[in-house]
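K.L.:
Have a look at this one.
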Amino acid sequence: MALVKKSEESRFYVVALLFYAADNHGDVVDRIRKVADEDPIHHKIFIHGLGWDTNAETLTGVFKELLILMGLSVDCRERRRS
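Okay, here's the thing in structure tokens:
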């Protein structure tokens with residue numbers, strides 16, 4: 002269990018470092034976008050455990066800053082599974 006927690010912490014610090022570098026160095030932003038654009042799967046985020054009443058408006062409200070920063074949009078197409 003400690004190894005999993007350590008892995009999650011490491012991932013958090015890598016993401017934080019990338020955000021810092023992207024915010025302070027334009028060439029890093031360009032490289033991140035280039036890598037992300039190589040495979041469309043990098044453009045999608047799955048959010049687990051959403052309530053049935055969740056819609057584009059509530060998601061946009063929660064993730065507004067991230068959406069603006071990354072130039073993303075919300076896609077709430079129905080894909081509910083039991």
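Just so you know, the working numbering puts the end of the sequence shown at 83, numbered straight through with nothing missing.
Note that the Cβ used here is the ideal one computed from N, Cα and C, for glycine as well.
Note that the structure is predicted; figures quoted are calculated from it, not measured.
(1) Tell me the DSSP secondary structure of residue 60 in three-state form.
(2) When you compare only the Cα positions, how much space is there between residue 72 and residue 10?
(3) Looking at the unbroken alpha helix (DSSP H) that takes in residue 28, where does it start and where does it end?
(4) What separation, rounded to the nearest whole angstrom, lies between the Cα atoms of residue 26 and residue 15?
(5) Could you tell me the distance, in whole angstroms, from the CA atom of residue 30 to the CA atom of residue 55?
(6) Is residue 51 helix, strand or coil when you go by DSSP?
(7) Helix, strand or coil for residue 46, going by three-state DSSP, please let me know.
(8) Tell whether a beta-carbon distance below 9 angstroms holds between residue 48 and residue 60.
P.N.:
A quick look at the data gives this:
(1) helix
(2) 26 angstroms
(3) 27-39
(4) 16 angstroms
(5) 31 angstroms
(6) coil
(7) coil
(8) yes
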